[in-house]
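Below is one structure, written out as structure tokens; comments come after it.
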Amino acid sequence: MKITVMNGSPRPNGNTSELVKQFLKEADDKAKIEEVRIFEMNIKGCSNCGSCQRGEIRNHCTMKDDMSILYQKFLSSDMIILASPIYMWQLTPCTLAFLNRLHALCSHSKDSPYNHMEGKKIALLITLGDEEEIADYAVNAMKDFCEYFLIDYKGDLRIPFAEKEKISSGEYELELKEFAAKILG
Numbered sequence: 001m002k003i004t005v006m007n008g009s010p011r012p013n014g015n016t017s018e019l020v021k022q023f024l025k026e027a028d029d030k031a032k033i034e035e036v037r038i039f040e041m042n043i044k045g046c047s048n049c050g051s052c053q054r055g056e057i058r059n060h061c062t063m064k065d066d067m068s069i070l071y072q073k074f075l076s077s078d079m080i081i082l083a084s085p086i087y088m089w090q091l092t093p094c095t096l097a098f099l100n101r102l103h104a105l106c107s108h109s110k111d112s113p114y115n116h117m118e119g120k121k122i123a124l125l126i127t128l129g130d131e132e133e134i135a136d137y138a139v140n141a142m143k144d145f146c147e148y149f150l151i152d153y154k155g156d157l158r159i160p161f162a163e164k165e166k167i168s169s170g171e172y173e174l175e176l177k178e179f180a181a182k183i184l185g
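Take 1 as the starting number for the sequence shown in UniProt numbering and just add one per residue.
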């Protein structure tokens, strides 16, 4: 199984990045995994030009940025794990831009409908500085996204009141093992 972890944290040494590192230790022997730090990439927000929805283009966007790289990674992966801290009840802005731009992989055009997201798998790794219920809005939005695009939502792991030291010390090792078994099983 090929997995791409899309790490949307702006902090390369922060809580979310440490959680990804610990997850990779748990899952690395079970799948081929690549981490992509999307915050460091040039991803513009969708401009709603409509080219992808009119069937003029497929599997890419008219905007010239790093999203062209991410389309290929998405399409060649069996599963995408979105790793993000929660900012204002949502995934980070770069993570949301990535998700918005995936719309180019699906068109409901009457003349040429297609959905290259159908059957893909997505899971979430979430850190937050508050109670885990604060992530409900983001998780429910992701579930709706997956339902609409016929993506298999595999679940989420939320680390409330996240502290890098606790994550790196192995305090969440059991949760990470169970999460890896759940999404990879």
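Positions of the beta carbon are idealized from the N, C-alpha and C atoms, including for glycine. In this text, all values refer to a predicted model and were calculated from it rather than measured experimentally.
Item	Value
Beta-bridge partners of L82, as assigned by DSSP	M6 and L124
C-alpha gap between N100 and W89, whole angstroms	17 Å
Whether E18 touches I122 by CB criterion (8 Å)	no
Given I183 as reference, the closest of D66, V36, G155 and S169 once Cα atoms are compared	G155
Under 8 Å between C-beta atoms of M63 and K32	no
Check whether I159 and Y148 have beta carbons under 8 Å apart	no
Close-in-space but distant-in-sequence residues of the same chain around L176 (CB under 6 Å, 5 per side omitted)	Q22, F23 and E26
Beta carbon of A97 nearer than 8 Å to that of V20	no
Selected residue, minimal CA-CA separation from S76, among K164, L105 and P93	L105
Residue from G119, E131, F145 and V5 with nearest C-alpha to D28	V5
Local conformation of S107 per DSSP, three classes	strand
Distance, I81 Cα to residue 202 Cα	Since the first residue shown for the chain is 1 and the last is 185, residue 202 is missing from the structure and cannot be characterised.
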